[in-house]
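Undergrad:
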Amino acid sequence: MSRAEGIYGLWLREFKVFTRERSRVLTSIFTPILWIFVFGGGLGSVVDIGGVNYQVFIYPGILAMSVLFTSVFYGVYIVWDRRIDILKEVLVAPLSRTSIFVGKVLGGCTDSMIQASVMLLISFAVGVTLSPTAFILALLLLFLLTLSLVSTGLVIGSLMESPEGFNMVVSFLVFPLFFFSGALYPLDNLPTWLSAITYIDPVTYGVDGLRTVIIGVSRFPFYIDLAVLVVFAVIMFTVGTKAFEHMK
Amino acid sequence: MENVIETLDLTKRFKDLTAVDHINLKIRHREIFGLLGPNGAGKTTTISMLCTILKPTEGTATVNGYDILNEPHMVRKSIGIVFQQPSVDDILTGRENLRLHAMWYGVPKEVRVKRIDEVLKLVGLESRQHSLVKTYSGGMRRRLELARGLLHLPEVLFLDEPTLGLDPQTREHIWEYIESLPEEREMTIVLTTHYMEEADKLCDRIAIIDEGKIIVMDDPESLKEKVGGDLVCLKTATVTVDRLKKIDSVSKVEAKNGYIVLTVKNASQNLKEILDSAGKIESVEIRSASLNDVFLSYTGKEIRTETGEGGIFERVMRERSSR
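Protein sequences appear in the order of chains A and B. When we follow this note's numbering, the leftmost residue of the first sequence carries the number 1, and every step to the right adds one. When we follow this note's numbering, the leftmost residue of the second sequence carries the number 1001, and every step to the right adds one.
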C-alpha cells in the first residue's frame, strides 16, 4: 500500500505545516468572527430579514465565506513551495501526479474543516441552536464546498509562477464568488442581472444549503443545493488532477 | 562492463536556446562520473532529464535499464537526487523531512526507523535531528539533503553541485562521504560541478561539457596528460621562442606580453635545459597541468569562477583565451 502511504505522507506534511504556522490558524478564524460579531452584530441591531435577525441570517454565509477564503488561498502555498524549491522533491518522488493532488487536497480540506468546525461550535454565541443532524449536514455541505474550492485553489496555484499573482485571483475570483453568493443578503428580490449572476455562482448553493439546515430559510430545494455542490466538486477535482498532470 | 546510464542523442531546446545538444554518455556501474563545465553549460539540464524532471526535446536515455520517457516511475524509484538548491522543508525537523521522504519513496515501515538513524549518523546530524531545518546552517542543510538522497538506497545518486557555496571544511567532509558510496553502498554517482578540484578529486571519469556538447571524456589523469605535461611560465627580456622550441621535452611554446608559456614534459627534470636556452630570466613559475588547463585547451575558455586575479598563469591564460 505504498500509494496510500505516499498520500498519507503528503497529507502529514501539510498538516504539520498547518499546525506549526499558528498565524495561519488564528487569522483564518479571526476574520469570520469579525464579520459575524461586528458586521452582523452592528447591522443586526437594526435589520431583520424575513423575521430572522441579520446576525443569525448571515451566519451560514460567513461559514461559507471562511471556507471559501481558506480553501482557495491554500492554493498559494503550492506556489510558495515551488518558489522555495521544496516542491520538486515531491514532484521527483515516485508518486503519481494524482496521488500528489489527492494528498494536497486532503491537506487543504483538513485546514478548512478544522476552521469550519470551530466556527460551527461557536454558533451558540450568535443564538443559533444546532441539532446533531443539522451539525452533521452542515459539515457535509462545508466539506463538499471545501473539496471543490481547495481543488480550484490548487488548479490556480499549479498554473502560477509567482505568489504575487495570487492577489489578482482574490480580486477577480474570491471576492466575486463571495459577494454574488448571497452570503450577506437574501436572493429573493434581486434585480434580474444580479439574480442571474448569483445563480451561476456555485458558492450560492453552498450558502443556501447551509441556511436550510442551520436556520431553515432557503431559496432552492435542498436536493438542488446538494446536487450542484456534488457536481461542482467532481468537476473541480477532475480538473485538478488534469492540471497536476501538466504541472511543471 | 554494465552501463547503468546510457544516453542516446539526448537533447533539450528551450525556445531558441539549445541547452543540451545530442549528448551520448555511457556511465558504468559503481563509477563516480563527473559532468564538468561552466555555469549554463547544460549540466543541470542533463541531470534533470535523467531524473525525469524535464522531458527531452529529442533523443532518450536509460537509467538502471528503464527508459526515461516510457518508464519514468521506475526511474524515479531507483534514483536519488541532491539538488543544487536545497529542497528540504524549512518548517519541518530534519528527522521529519527524512520520514516523509521514506514514505514517498515506499521505504518499508519495518526498516524505516533504522535507515533514518543510519543516514543521520552518516552525515553527522543526529544531535540536531529534532530541530527545525530553518535553524540549520547551509552545510547542515546540504548534509540533510544528502542523507535524504541516500535514504531509499538508490542505485544511482545524482548530485547537482553538491558542495556549491560550502566552506572548505564541510566540503572535505562531504567529499569523504561521496567517495565511500560506490564501495560501501554499491552506488553509481553522477555529479555536476564547476569546481575543478572537486572533479579531480572525486571522479573516476569526467565529461567536459560546454554549450550543451560533450567536448572530451576521460579519467582525470588522462585528461591532464592530453594537455602535454607541466606548464612553465617565464618572464624574459629577450624573446627566445625558436631556441626553446628545439628542446625535446618542450611540446608547445607561446609568447605573450613579455611572458613565455611552455608546455613541458617533466618540467622539474628538464628545467635546467630550458633556463639555459632562455637567456636572461626575470622570473620562473612551474605548475603541473590542472583540469583547468584541460578545459582551457579544449574550449579556449576559463572555467574558474571562484578565484579572482590569480597568479601569472591565470592572467596569461586569460589573455590568451580572450584572443
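Glycine residues also receive a C-beta, built at the ideal position from the N, C-alpha and C atoms.
(1) Compute the Euclidean distance between the alpha carbons of residue 1043 of chain B and residue 1104 of chain B, then round it to the nearest angstrom.
(2) Looking only at its chain, what residues have a beta carbon closer than 7 Å to the beta carbon of residue 1226 of chain B, apart from the 5 residues adjacent to it on each side?
(3) At what residues does the beta strand (DSSP E) containing residue 1285 of chain B begin and finish?
(4) Considering only the beta carbon of each residue, do residue 1051 of chain B and residue 155 of chain A sit closer than 8 Å?
(5) Assuming residue 1049 of chain B and residue 1041 of chain B form a contact by the criterion Cβ under 8 Å, report the distance between their Cβ atoms to the nearest whole angstrom.
(6) Consider the C-beta atom of residue 1137 of chain B and the heavy atoms of the ligand NAD; say whether any pair is separated by less than 7 Å.
(7) Can you find a CB in chain A that lies within less than 8 Å of the CB of residue 1367 of chain B?
(8) Nearest-angstrom Cα distance between residue 1243 of chain B and residue 1300 of chain B?
(9) Hey, how far is the Cα of residue 171 of chain A from the Cα of residue 41 of chain A?
(10) Between the stretch 1066–1085 of chain B and chain A, which residues of the former have a C-beta closer than 7 Å to a C-beta of the latter?
(11) Please list the residues of the stretch 10–32 of chain A that have a C-beta atom closer than 9 Å to any C-beta atom in chain B, keeping them in chain order.
(12) Would you kindly work out how many angstroms separate the C-alpha atoms of residue 1310 of chain B and residue 1265 of chain B, rounded to a whole number?
(13) Please identify, using Cβ separations under 7 Å, the residues of the stretch 213–246 of chain A that lie next to chain B, in order along the chain.
(14) What is the rounded straight-line gap between the Cα of residue 9 of chain A and the Cα of residue 225 of chain A?
(15) Using beta carbons (cut-off 8 Å, strictly below), is residue 1321 of chain B in contact with chain A?
(16) List in chain order: all unbroken alpha helix (DSSP H) runs of 4+ residues lying wholly within the stretch 1051–1100 of chain B.
(17) Measure from the C-beta of residue 157 of chain A to each C-beta in chain B and report whether the shortest distance is under 8 Å.
(18) Can you tell me whether residue 1254 of chain B is helix, strand or coil according to DSSP?
(19) Beta carbon of residue 1174 of chain B, beta carbon of residue 1232 of chain B: below 8 Å?
(20) Could you name the residues of the stretch 199–213 of chain A whose beta carbon sits closer than 7 Å to any beta carbon of chain B, in the order they occur along the chain?
(21) Less than 8 Å between the CB atoms is what I'm expecting for residue 217 of chain A and residue 183 of chain A, so what's the real figure, rounded?
(22) Using beta carbons (cut-off 8 Å, strictly below), is residue 1091 of chain B in contact with chain A?
(23) By how many angstroms is the C-alpha of residue 68 of chain A removed from the C-alpha of residue 1013 of chain B?
(24) Run through DSSP, which three-state label would residue 234 of chain A get?
(25) What are the residues of the stretch 1032–1052 of chain B that lie near chain A, defined by any Cβ-Cβ distance shorter than 8 Å?
(26) So is residue 1168 of chain B buried or exposed if we call it buried at 16+ other beta carbons inside 10 Å?
(27) For a cutoff of 8 Å on Cβ pairs, would you count residue 102 of chain A as touching chain B?
(28) Any idea if residue 1188 of chain B is buried or exposed, counting beta-carbon neighbours within 10 angstroms, 16 or more meaning buried?
(29) Once the 5 residues before and after residue 1308 of chain B are set aside, which same chain residues still bring their CB inside 7 Å of it?
(30) Could you give the C-beta distance for residue 1133 of chain B and residue 1092 of chain B, rounded to a whole number, given that I count them as a contact under 8 Å?
(31) Any beta carbon from chain A within less than 8 Å of residue 1105 of chain B's own beta carbon?
(32) If you follow the beta strand (DSSP E) that residue 1259 of chain B is in, where does it begin and where does it stop?
(33) Give me whichever residues DSSP pairs with residue 1190 of chain B in a beta bridge.
(34) Buried or exposed: residue 168 of chain A, going by 16 or more other Cβ atoms within 10 Å of its Cβ?
(35) In chain B, which residues lie less than 8 Å from residue 90 of chain A when you measure between Cβ atoms?
TA: The relevant details are as follows:
(1) 27 Å
(2) 1294
(3) 1281–1287
(4) no
(5) So it is not a contact: roughly 14 Å between Cβ atoms.
(6) Looking for the ligand NAD in the displayed structure turns up nothing, as the structure carries no ligands at all.
(7) Any answer about residue 1367 of chain B is impossible in this case: the structure gives chain B only from 1001 up to 1323.
(8) 26 Å
(9) 26 Å
(10) 1073, 1076, 1077, 1081, 1083, 1085
(11) 10, 12, 13, 16, 17, 20, 21
(12) Confidence at residue 1310 of chain B is low in this model, with a pLDDT of 44, below 50, so its placement is unreliable and no value can be given for it.
(13) none
(14) 34 Å
(15) Annotation note: pLDDT 48 at residue 1321 of chain B (below 50); position unreliable, coordinate value reported separately. With 8 Å as the cut-off, residue 1321 of chain B does not count as an interface residue toward chain A.
(16) 1072–1078
(17) no
(18) strand
(19) no
(20) none
(21) Actually they are not in contact, since the Cβ atoms of residue 217 of chain A and residue 183 of chain A sit about 13 Å apart, beyond 8 Å.
(22) yes
(23) 41 Å
(24) helix
(25) 1051, 1052
(26) exposed
(27) no
(28) buried
(29) The predicted position of residue 1308 of chain B is uncertain, since its pLDDT is 40 and thus under 50; no value can be drawn from it.
(30) 6 Å
(31) yes
(32) 1259–1264
(33) B:1033, B:1158
(34) exposed
(35) 1104
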